[in-house]
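Protein chains in written order, with my numbering: chain P, 224 to 418; chain B, 224 to 418. Glycine included, each C-beta is placed from N, C-alpha and C at the ideal position. First comes the structure, then the notes that go with it.
Written out as structure tokens, the structure reads:
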């Protein structure tokens with residue numbers, strides 16, 4: 224495990240020796256996308272990764288086709304994944320840290336915090352999926368908001384996440400299966416409706 | 224009014240003489256975004272235009288900043304706008320035609336049709352906002368799906384849209400105000416909750 228490296232956008236990536244350089248930091252998003260595909264194919268939920276927001280500077284026309292020749296990555300002001308489950312609006316982000324004792328809040332942009340508060344206020348289901356200590360946790364937006372209102376510290380302790388989040392397990396068939404936790408959050412039952 | 228012109232992606236654009244070349248076809252999206260901003264600022268609904276899906280071919284690193292130097296526009300397989308209103312999932316697309324008697328179905332990609340069916344099946348609110356004959360209509364997904372199941376024609380007659388859609392009005396303060404129709408679709412009341 225390589226730790227302490229700092230990548231663009233202040234997102235610290237967690238990767239094992241076996242993962243190639245080109246895959247670094249893709250793991251969490253990849254296993255979430257595996258779950259999303261499983262949910263879509265089995266008609267359980269309908270959740271997608273949003274396109275990456277970019278700012279386009281230069282477009283050229285070749286044979287009537289538009290081609291982007293200069294563009295930059297915008298700082299995300301929303302979260303990476305959204306969609307619907309049982310008619311409910313779902314939005315969440317995947318966050319990784321190599322830090323073992325806490326999750327640095329610098330991983331969450333200020334606009335993302337506002338976005339989480341707004342989704343929560345409008346009755347949507349919003350959360351983070353956090354990869355820490357080789358474990359995966361779903362941390363509900365409400366718990367994050369309460370923490371930020373109460374605490375002045377710049378990171379969320381690992382033990383807080385462990386106690387207040389829901390642990391998620393990777394499954395080779397379903398990917399990182401998180402919808403059963405969403406079901407708990409909306410008070411329904413995943414098992415019943417998956418039949 | 225210029226009619227019969229064919230633009231990239233088979234999307235026919237509707238624009239008046241007063242609109243500059245650079246604005247062509249932007250009008251409908253622009254007045255929808257005005258409404259979305261009004262809804263967000265007044266805490267009525269929380270709906271965004273999705274980032275445009277692009278395929279990235281070449282990225283260069285300049286001073287630790289990533290810059291996209293070659294990319295192309297992907298064919299959209301989902302709809303342009305999504306978000307939430309009273310906890311409900313909302314997704315829709317803006318479609319324009321210069322055709323005065325019907326809306327050509329070539330304006331809707333095959334994957335978008337599947338997407339509309341899936342959102343509908345999962346209990347989301349899905350619709351098109353169609354600009355035709357200098358009028359704007361909200362056409363619910365269910366009505367579109369029923370039409371496609373029943374008819375073999377390659378366009379939706381203007382009169383069908385007029386009879387089965389909901390006319391929308393532009394308002395200089397609110398933009399193209401559509402949320403009151405969404406409210407009818409979910410059986411609530413916009414006026415009550417806007418206070």
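By the rule that beta-carbons nearer than 7 Å mark a contact, residue 295/P touches chain B. Against chain B, the CB of residue 307/P has a partner CB under 7 Å away; the residue lies at that interface.
Within the region 276-357 of chain P, complete beta strand (DSSP E) segments of at least 3 residues are found at 277-285, 288-296, 304-308, 311-319, 325-327, 348-355, given in chain order. Non-local beta-carbon contacts of residue 384/P in its own chain, meaning distances under 8 Å to residues more than five positions away in sequence, involve 326, 353, 355, 360, 362 in chain order. Neighbours of residue 410/P in chain B, taken as residues whose beta carbon is under 9 Å from its own, are absent, since the nearest beta carbon is some 13 Å off.
For residue 291/P, the closest Cβ of chain B is nearer than 7 Å. Here the C-alpha atom of residue 379/P lies approximately 21 Å from the C-alpha atom of residue 392/P.
Taken through DSSP and simplified to helix, strand or coil, residue 381/P comes out as helix. Residues of chain B whose Cβ lies closer than 7 Å to the Cβ of residue 332/P do not exist, since the nearest Cβ in that chain is about 15 Å away. Between residue 389/P and residue 341/B, the alpha-carbon positions lie close to 28 Å from each other. Only buried fits residue 305/B, as 16 or more other CB atoms lie within 10 angstroms of its CB. Going by C-alpha positions, residue 368/P is about 28 Å away from residue 267/P. For the options 348/P, 324/P, 298/P, the alpha carbon positioned closest to that of residue 332/P is the one of 298/P. Secondary structure at residue 251/P: helix, using DSSP grouped into helix, strand and coil. With a cutoff of 7 Å on beta-carbon distance, residue 348/B and residue 408/B are scored as near each other. Those residues of the region 383-399 of chain B placed with their C-beta closer than 9 Å to a C-beta in chain P do not exist.
As far as DSSP is concerned, residue 370/P takes part in no beta bridge. Taking a Cβ-Cβ threshold of 7 Å, the residues of chain P close to residue 275/B are 274, in chain order. Ranked by Cα distance from residue 365/P, the first of 376/P, 382/P, 345/P is 345/P.
If you check each beta-carbon in the region 362-375 of chain B against every beta-carbon of chain P, none falls closer than 9 Å.
Note: residue 398/B is bridge-paired with 394/B in the DSSP secondary-structure output. Three or more Cβ pairs drawn from the region 281-299 of chain P and the region 284-294 of chain B lie within less than 8 Å of each other, which places the two stretches in contact. When the Cα atoms are used, residue 396/B and residue 253/B turn out to be separated by approximately 13 Å. Inter-residue distance for residue 283/P and residue 259/B is about 30 Å (C-alpha atoms, whole angstroms).
Beyond the five residues adjoining it in sequence on each side, residue 323/B comes within less than 8 Å, by CB distance, of 226, 355, 356, 381 in the same chain, given in chain order.
Of all alpha-carbon atoms in 263/B, 301/B, 255/B, the one lying nearest the alpha-carbon of residue 272/P is that of 301/B. Among the residues facing chain P, residue 341/B is included, as its CB has a counterpart in that chain under 7 Å away. Assigned with DSSP and collapsed to three states, residue 407/P falls in helix.
Shown in chain order are the members of the region 253-271 of chain P whose Cβ falls below 7 Å from a Cβ of chain B: 269, 271. Contacts with chain B at 7 Å (Cβ-Cβ) include residue 310/P. Residue pairing by DSSP places residue 272/B opposite 304/B in a beta bridge. Proximity of residue 346/P to chain B, defined by a Cβ-Cβ separation below 7 Å, is satisfied.
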